[in-house]
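Q: Numbering (the working numbering), first residue to last: 151 to 243. Positions of the beta carbon are idealized from the N, C-alpha and C atoms, including for glycine. Here the structure is a predicted model, which is why all the values come from computation and not from measurement. The structure follows.
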């Protein structure tokens, strides 16, 4: 009985505490304008540039190439070693 009384005595403060309510508000970024205006700084060069054929846009970049030509180009590129040539990098700076 004594232990029951002690247990009830210590549990009273736990029951008496009020529940904590967590609240939060999400506020968006107020720095951004609600409306955007796009003003051209340069006149359009012409209507022709607005309406181009798909074939004209991609040129010949998607055409099949000859295997020998590709291998020769890669070999020449490797021989020139443009990416790792320190003399070309120092001249550019």
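Over what stretch of residues does the alpha helix (DSSP H) that includes residue 227 continue unbroken?
A: 217-230 is the span of the alpha helix (DSSP H), which, as asked, contains residue 227.
Q: Quick check: the Cα distance between residue 189 and residue 175, rounded to an integer number of angstroms?
A: Distance between the alpha carbons of residue 189 and residue 175: 36 Å.
Q: Under a three-way DSSP split, which group does residue 188 fall into?
A: In the structure shown, residue 188 sits in coil (DSSP, three-state: anything other than H, G, I, E or B).
Q: What separation, rounded to the nearest whole angstrom, lies between the Cα atoms of residue 226 and residue 216?
A: If I take the Cα positions, the gap works out to 16 Å.
Q: What would DSSP say about residue 152, mapped onto helix, strand or coil?
A: Of the three classes helix, strand and coil, the one that applies to residue 152 here is helix, per DSSP.
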